[in-house]
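Undergrad:
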Amino acid sequence: MKLNPLILLVVACVLMGGCTTTVPTRSGHTSSGVDFGTPVSQMEAEQLAGEWLSENLNMESPKYTWGDLRLASEGIPYPSRPERAYGYELRGRAEVIHGYWTFVGGQPYSFLINSGKLVLVRQLQPDGQWVQLN
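Per mature numbering (1 follows the signal peptide of the UniProt record, and there is no 0): the sequence shown = residues -17 to -1, 1 to 117.
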């Protein structure tokens, strides 16, 4: 009797635990114990991020371009602490006119959301480094 190699691979993978995933449950926890928080929708994430930008930056007539909301499965390091932050990350760009009518185009931002709250807000600097803003 000849066994199908694909079936053997699947069985081996399951037995060895090599096919575990980091997909959170409805509560936001994974089998590894990482808490991503309760899932949020793309629209909710965009609203939270837009509100934070409006409240914390001196902007006139902002225009946002949002990327897709994604699970930050490997976590995002805090710049000032050794632990990592977990949740759902929304990246986007804000084209703004600052209070002195200076146009600043396409500033990249990253928003990490856990259970409906902004956990980490970062801005990408010209040197390629992320700077924490909250």
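Glycine included, each C-beta is placed from N, C-alpha and C at the ideal position.
Say whether the segment 14 to 29 touches the segment 55 to 71, bearing in mind that this needs 3 or more beta-carbon pairs closer than 8 Å, one atom from each stretch.
TA: With contact defined as three or more Cβ pairs closer than 8 Å, the segment 14 to 29 and the segment 55 to 71 are in contact.
Undergrad: I'd like to check one pair, Pro109 with Phe77: are the Cβ atoms closer than 9 Å?
TA: Start at 1 with the first residue of the sequence shown, and residue 77 comes out as number 94. Start at 1 with the first residue of the sequence shown, and residue 109 comes out as number 126. The question names Phe, but residue 77 is Ala in the sequence shown. No, Cβ-Cβ distance for Ala77 and Pro109 is not below 9 Å.
Undergrad: List the endpoints of the continuous beta strand (DSSP E) containing Gln115.
TA: For the purposes of this step, residue 115 is identified with residue 132 of the sequence shown, where counting begins at 1. Following the DSSP letters along the chain, one finds Gln115 inside the beta strand (DSSP E) bounded by residues Trp113 to Gln115.
Undergrad: Would you call the CB atoms of Leu107 and Gln115 closer than 9 Å?
TA: Along the sequence shown, read from residue 1 onward, the residue named residue 107 stands at position 124. Along the sequence shown, read from residue 1 onward, the residue named residue 115 stands at position 132. Against a cut-off of 9 Å, the Cβ pair of Gln115 and Leu107 comes out as no contact.
Undergrad: Closer than 8 Å by C-beta to Ala55: which residues in its own chain qualify, once you throw out the five before and the five after it? Chain order, please.
TA: Locating residue 55 in the sequence shown gives position 72, counting from the first residue. So the qualifying residues of the chain are Phe19, Ala68, Tyr69, Gly70, Tyr71, Glu72 and Leu95.
Undergrad: Is the beta carbon of Leu31 sitting closer than 9 Å to the one on Gly75?
TA: Position 48 of the sequence shown, counted from the first residue, corresponds to residue 31. Position 92 of the sequence shown, counted from the first residue, corresponds to residue 75. No, the Cβ-Cβ distance between Leu31 and Gly75 is not below 9 Å.
Undergrad: Beta carbon of Thr48, beta carbon of Gly89: below 9 Å?
TA: The sequence position of residue 48 within the sequence shown is 65, counting from 1. The sequence position of residue 89 within the sequence shown is 106, counting from 1. Contact: yes.
Undergrad: So the beta strand (DSSP E) Leu101 belongs to, where does it begin and stop?
TA: On the sequence shown, residue 101 is found 118 positions in, with the first residue counted as 1. Start and end: Lys100 to Leu107.
Undergrad: Is the beta carbon of Asn97 sitting closer than 9 Å to the one on Trp35?
TA: Reading the sequence shown from its first residue, position 114 is the one you call residue 97. Reading the sequence shown from its first residue, position 52 is the one you call residue 35. No. Outside cutoff.
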